[in-house]
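**Q** Residue numbers (the working numbering): 17 to 134. We put the beta carbon where it would ideally sit given N, CA and C, even for glycine.
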């Protein structure tokens with residue numbers, strides 16, 4: 017019979033518990049990271065993205081993240097494009113960018129997020 021996992025975070029066995037043995041790598045998990053929608057919105061302020069480019073920002077489902085941003089009052093433009101896919105095939109994806117009329121709202125959201133982080 018399999019033991020049930022508790023909902024509490026478990027510390028990996030490899031993580032040091034003696035303060036003298038704690039390194040910078042051990043503390044990386046405690047570093048607060050911006051939420052995914054905030055990272056993507058910040059990126060969209062400087063450039064457009066497709067789903068493969070968004071992977072570099074930790075976003076594995078860009079269409080859902082874009083939807084969340086739109087629910088916050090930012091209009092996102094969509095432009096279909098073709099990119100190289102697996103084994104030389106073509107992949108049809110969407111390129112997302114912030115509508116010029118929504119740029120001020122996007123900047124406002126980023127400023128609010130930064131103020132909450134401090």
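Need the endpoints of the beta strand (DSSP E) that residue 113 sits in, please.
**A** In the chain shown, the residue the question calls residue 113 occupies position 97. Run containing residue 113: 106 to 114, per the beta strand (DSSP E) assignment.
**Q** Any idea what DSSP makes of residue 63, helix, strand or coil?
**A** Taking the first residue of the chain shown as 1, we reach residue 63 at position 47. Three-state result, residue 63: coil.
**Q** Contact check, residue 121 vs residue 89 under 8 Å by CB: the rounded distance?
**A** The sequence position of residue 121 within the chain shown is 105, counting from 1. The sequence position of residue 89 within the chain shown is 73, counting from 1. That pair is a contact at about 5 Å.
**Q** Using 8 Å for Cβ pairs, my map puts residue 123 next to residue 85. What's the rounded Cβ distance?
**A** For the purposes of this step, residue 123 is identified with residue 107 of the chain shown, where counting begins at 1. For the purposes of this step, residue 85 is identified with residue 69 of the chain shown, where counting begins at 1. With a Cβ gap of about 13 Å, residue 123 and residue 85 do not count as contacting.
**Q** Please determine, among 91, 100, 76, the residue with the shortest C-alpha to C-alpha distance to residue 116.
**A** On the chain shown, position 100 is the one that residue 116 refers to. The shortest Cα separation from residue 116 among 91, 100, 76 belongs to 91.
**Q** Count the other C-beta atoms from every protein chain shown that fall within 10 angstroms of the C-beta of residue 99, then say buried if there are 16 or more, exposed otherwise.
**A** The residue you call residue 99 lines up with position 83 of the chain shown. The residue in question, residue 99, is exposed, as its Cβ has fewer than 16 Cβ neighbours within 10 Å.
**Q** Quick one: what's got a C-beta closer than 6 Å to residue 118's C-beta in the same chain, skipping five residues either side?
**A** The residue you call residue 118 lines up with position 102 of the chain shown. Correct list, in chain order: 90, 91.
**Q** Give a yes or no on whether the C-beta atoms belonging to residue 93 and residue 62 are separated by under 8 Å.
**A** Residue 93 sits at position 77 when you count from the first residue of the chain shown. Residue 62 sits at position 46 when you count from the first residue of the chain shown. Contact flag unset, no.
**Q** Apply the 10 Å Cβ neighbour rule to residue 128 and answer buried if 16 or more other Cβ atoms are within range, or exposed otherwise.
**A** Looking up residue 128 in the chain shown gives position 112. Flag for residue 128 reads exposed.
**Q** Could you round the C-beta distance between residue 78 and residue 65 to whole angstroms and report it? I think they count as a contact, below 8 Å.
**A** As a first step, residue 78 is located in the chain shown; it is residue number 62 there, counting from the start. As a first step, residue 65 is located in the chain shown; it is residue number 49 there, counting from the start. So it is a contact: roughly 7 Å between Cβ atoms.
**Q** In terms of DSSP beta bridges, what is residue 121 paired with?
**A** As a working mapping, residue 121 is identified with position 105 in the chain shown. Partner(s): none; residue 121 has no beta bridge.
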